[in-house]
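Which chain is which? The protein sequence lines are A and B, in order. For the first sequence, the residue numbers in this note's numbering are 31 to 351. For the second sequence, the residue numbers in this note's numbering are 2 to 201. Everything below concerns the one structure shown next.
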Amino acid sequence: MREYLKTAALILIIAAVLPFVANAQPLAFISNQLDNSVSVIDAASNRVVETIRVPGKPAGVAVNPQKSQVYVSTPGSGGFAVLDGRQYRNLRFVPVNTGSLGIASDRSGDRVFVADWYEKKVSVFDTGSFQLLQVIAVGQSPSGMVVSPDNRWLYVANRVSDSVSRISLNNLQVRKTVSVGRHPFGLAIDARGQRLYTANVESDDVTVLETRGFHRIATVPVQSRPYAATLALRDTLLLVTNQDDSNVSVIDTDSLREIAVIEVGDKPEGIATHPDDRHVYVANWLGDSVSVIDARTLKVVETIGTGEGSRAFGQFMMDLK
Amino acid sequence: MKKITFIVSAMLLFFTAAATAHGPVRGKLTATVHIDAPADQVWAVIKNFDDMSWLPAVASTKAKGGNKKGATRVLSLKNGGTITEKLKSYKEDKMSYKYKITDMSTTKTIQHSGKEEKVPVLPVDNYQATITVKAKGNGSEVTWVATYYRAYMNNNPPPEMNEEAADEAVSKVLTEGLVHLRSKFQPDADESMVKIKIKR
């Protein structure tokens, strides 16, 4: 009886403490293309807590905090993997098309969008059943995608068409397409959904768009072959990975100028901001690591070893409540 | 019999297509060789960005900018092609430099999927490489890491521009280079001494 009481008390304590432990747990899910795995980084301690096997050359990452799920595109197997973001498990594979690369989830966590590099289309899946809901025709080699904070719009970078399409999430129709720099790849949007940034791989610059009329307002030169971008410090800074210079450009979003260049690991690709809005995580493809930048000091504060070919293209940081 | 042959070739065709229908993923090829000579002596042979005379496929090098970041070189190949490269970083203290291909001549034009495709002299896209010399034991180890995409970016590439073609061509150039580099110090150099690892 005593033993029983002891056990019961222990269970109660654990049950009481668990929600607090689980409260606000920032995690980074880093796809390692050459290792066919995903490294899970606890972004509070900056340690790799698990490595999940994900076959098919994992590339793009999208998080769904509502369902505690992570979607990882696998161009090698033509689809995406669904990961359990709490148990760190690979739950299932959803076949799409051979060119599955860019991936994004909507803000309500109901739908996931997969861009097809070869087919000029974006496939829309339901995150409950993983049934294909619709296919949206876009430009050539669609890659990076981002959903507006109000969940009304999906933006798609059409890499070979040098444009960005704006898609209504009500009816899944393209509303407008604007031209940007050469070969836009990664996209970033501010917290109010008013400004959109594209990293243009071939023209070595960033196009700044205002979303109200969906117009181009500026072009900011960066370094060599920019890949992806993220915002930090209340949208005052935009950080952009430059693949061929192994550094990150920092753009002041007020003056729209590059104000600093930070050395990171070799071939930086995916980039995302910690929920604290201050630390920025960069996946280094050739460095097999993640560099953590403090946006206040503009210095690399930590380098975390991951797997070979860390790519993490998309929103790979998740704050689990 | 004829029918069986047909089925087999149809199957082969299918498997070939399936094997090459990869997504847009970059490959990484690592070539290494051990040389029984001090690292600084080995580095001295390869250290000048404007001197590629140690690479057998190269007939002559025209360069500007020395060993400074941003320097360029045009390699005239023995097969008649040209490759233009740019120096991306140079670390004398680490005996290492990184460069990328910015332009290449075309070896031939082929018809594929109803379009004309230009096959570059090295059938790759977005090629970058780093060569490093490190002291190891009494000798040194040279590591040459190349990263690249296949030359054809759409689905179902032609055989001249698929991933196998890219891997084979890059393997050949790097192996020849490292064998020749080793032969400057040791007469026994041959291809089996170069280790090649390809990941994609």
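Built from N, CA and C at the ideal position, the CB exists for glycine as well.
In three-state DSSP terms, what is residue 113/B?
Position 112 of the second sequence holds residue 113/B. Note: residue 113/B maps to strand in three-state DSSP.
In the DSSP assignment, the beta strand (DSSP E) including residue 63/B goes from what residue to what residue?
Taking the first residue of the second sequence as 1, we reach residue 63/B at position 62. 59-65 is the span of the beta strand (DSSP E), which, as asked, contains residue 63/B.
For the region 279-295 of chain A, enumerate the residues whose C-beta is nearer than 8 Å to any C-beta of chain B, in chain order.
Within the region 279-295 of chain A, no residue qualifies.
Looking only at its own chain, which residues have a Cβ that is under 8 Å from the Cβ of residue 267/B, when we skip the five neighbours before and after it?
In the structure displayed, chain B extends from 2 to 201; residue 267/B sits before or after that span and is not available.
Relative to the alpha-carbon of residue 297/A, which residue among 126/A, 257/A and 306/A has its alpha-carbon at the smallest distance?
Numbered from 1 along the first sequence, position 267 holds the residue referred to as residue 297/A. That would be 257/A, whose Cα lies nearest to the Cα of residue 297/A.
Please look up how many angstroms separate the CB atoms of residue 92/A and residue 142/A, rounded, as I've assumed it's under 8 Å.
In the first sequence, the residue the question calls residue 92/A occupies position 62. In the first sequence, the residue the question calls residue 142/A occupies position 112. Contact flag correct, Cβ pair sits at about 6 Å.
In this structure, what does DSSP give as the bridge partners for residue 69/B?
Looking up residue 69/B in the second sequence gives position 68. DSSP lists no partner for residue 69/B.
Name, going along the chain, the residues of the region 66-90 of chain A whose beta-carbon falls closer than 9 Å to a beta-carbon of chain B.
Across the region 66-90 of chain A, CB contacts with chain B closer than 9 Å involve 86, 87 and 89, in sequence order along the chain.
Per the contact definition of three or more C-beta pairs closer than 8 Å, is the region 107-124 of chain B in contact with the region 75-88 of chain B?
With three or more CB-CB distances shorter than 8 Å, the region 75-88 of chain B counts as touching the region 107-124 of chain B.
Is there a Cβ of chain A sitting closer than 7 Å to that of residue 139/B, yes or no?
Counting from 1 along the second sequence, the entry for residue 139/B is found at position 138. Residue 139/B does not count as touching chain A.
Where residue 94/B and residue 193/A are concerned, what is the direct C-alpha to C-alpha distance, given to the nearest angstrom?
What you label residue 94/B is simply residue 93 of the second sequence in a count that begins at 1. What you label residue 193/A is simply residue 163 of the first sequence in a count that begins at 1. Each residue's alpha carbon lies about 43 Å from the other.
Answer yes or no: does any C-beta atom of chain B fall closer than 7 Å to that of residue 64/A?
Here the question's residue 64/A lines up with position 34 in the first sequence. Cβ-Cβ to chain B under 7 Å: yes for residue 64/A.
Using C-beta distances below 8 Å, list every residue in its chain close to residue 78/B, excluding the 5 sequence neighbours before and after it, in chain order.
The count along the second sequence starts at 1 and reaches residue 78/B at position 77. The answer, listed in chain order, is 58, 59, 60, 84 and 122.
Would DSSP call residue 42/B helix, strand or coil?
Position 41 of the second sequence, counted from the start, is the residue given in the question as residue 42/B. Residue 42/B falls in the helix class under three-state DSSP.
Does the Cβ of residue 121/A have 16 or more other Cβ atoms within 10 Å, making it buried, or fewer, making it exposed?
Along the first sequence, one-based indexing puts residue 121/A at 91. By the 10 Å Cβ count, residue 121/A comes out exposed.
Pair every Cβ in the region 166-185 of chain B with every Cβ in the region 166-174 of chain A, then say whether three or more of these pairs are closer than 8 Å.
No, because fewer than three Cβ pairs between the region 166-185 of chain B and the region 166-174 of chain A fall closer than 8 Å, the two stretches do not touch.
Cutting at 7 Å between CB atoms, please list the residues of its own chain near residue 26/B, excluding the five before and the five after it.
Taking the second sequence and counting its residues from 1, one reaches residue 26/B at position 25. Excluding positions up to five away in sequence, the list reads 201.
Indicate the three-state DSSP secondary structure (helix, strand or coil) for residue 203/B in the structure shown.
There is simply no residue 203/B to check, as chain B begins at 2 and stops at 201 in what is shown.
Mind pulling the chain A residues with CB within less than 9 Å of residue 201/B?
Within the second sequence, residue 201/B is the residue found at index 200, counting from 1. Ordered by position in chain A, the residues that pass the 9 Å Cβ test against residue 201/B are 63, 64, 87, 106 and 339.
Can you tell me the Cα-Cα spacing of residue 332/A and residue 323/A, whole angstroms?
One-based indexing of the first sequence puts residue 332/A at position 302. One-based indexing of the first sequence puts residue 323/A at position 293. Near 7 Å, if we compare the C-alpha coordinates of residue 323/A and residue 332/A.
Starting from residue 104/B, follow the beta strand (DSSP E) in both directions and report where the run begins and ends.
Position 103 of the second sequence, counting from 1, holds the residue named residue 104/B. It spans 97-105 - the beta strand (DSSP E) in which residue 104/B sits, taken as one unbroken run.
Output the distance between the C-alpha atoms of residue 119/A and residue 113/A, rounded to the nearest integer angstrom.
Numbered from its first residue, the first sequence carries residue 119/A at position 89. Numbered from its first residue, the first sequence carries residue 113/A at position 83. Between the alpha carbons of residue 119/A and residue 113/A lies a gap of roughly 5 Å.
With DSSP run on the structure shown, which of helix, strand or coil describes residue 195/B?
If you number the second sequence from 1, residue 195/B lands on position 194. In this structure, DSSP gives residue 195/B a state outside helix and strand, which the three-state scheme calls coil.
Per-residue burial, residue 188/B [other beta carbons within 10 Å of its own, 16 or more giving buried]
Residue 188/B sits at position 187 when you count from the first residue of the second sequence. Exposed: under 16 other Cβ atoms inside 10 Å.
Proximal residues to residue 69/B (C-beta, below 8 Å), its chain only, five neighbours per side dropped:
Within the second sequence, the letter at position 68 stands for residue 69/B. Contacts found: 88 and 91.
With a threshold of 7 Å on Cβ separation, who are the neighbours of residue 169/A within its own chain once the five nearest residues in sequence on each side are excluded?
For this step, residue 169/A is matched to residue 139 along the first sequence. Correct list, in chain order: 150, 188, 191, 193, 195 and 207.
Of the residues that make up the region 70-96 of chain B, which ones have a beta carbon closer than 8 Å to any beta carbon in chain A?
Listed by position, the residues of the region 70-96 of chain B near chain A (Cβ gap below 8 Å) are 89 and 90.
What does DSSP give as the partner residues of residue 226/A in its beta bridges?
Looking up residue 226/A in the first sequence gives position 196. Answer is 219/A and 239/A, bridged to residue 226/A.
Please report how far the alpha carbon of residue 67/B lies from the alpha carbon of residue 336/A, in whole angstroms.
Position 66 of the second sequence, counting from 1, holds the residue named residue 67/B. Position 306 of the first sequence, counting from 1, holds the residue named residue 336/A. Distance between the alpha carbons of residue 67/B and residue 336/A: 36 Å.
Could you give the uninterrupted runs of the alpha helix (DSSP H) lying entirely in the region 129-186 of chain B, keeping only those of 4 residues or more?
Counting only runs of 4 or more, we get 164-184.
Where does residue 345/A sit, in a helix, a strand or coil, going by DSSP?
On the first sequence, residue 345/A is found 315 positions in, with the first residue counted as 1. If DSSP states are grouped into helix, strand and coil, residue 345/A belongs with the strands.
Beta-carbon proximity check, residue 71/A vs residue 89/A, cutoff 7 Å
Walking along the first sequence from the start, residue 71/A turns up at place 41. Walking along the first sequence from the start, residue 89/A turns up at place 59. Not a contact, by the Cβ cut-off of 7 Å.
Rounded separation between residue 356/A and residue 112/B - CA only
Given that chain A is displayed from residue 31 to residue 351, the structure contains no residue 356/A and the question cannot be resolved.
Residue 128/A at chain B interface by Cβ criterion, 7 Å:
Your numbering for residue 128/A matches position 98 in the first sequence. Closer than 7 Å to the CB of residue 128/A there is at least one CB belonging to chain B.
Strictly below 9 Å CB to CB, what residues from chain B border residue 316/A?
Within the first sequence, the letter at position 286 stands for residue 316/A. The answer, in chain order, is 29, 129, 131, 146 and 148.
Got a sec? Which residues, its chain only, sit under 6 Å from residue 141/B by beta carbon, not counting five neighbours each side?
In the second sequence, counting from the first residue as 1, residue 141/B sits at position 140. Here the set comprises 36, 40, 43 and 134.
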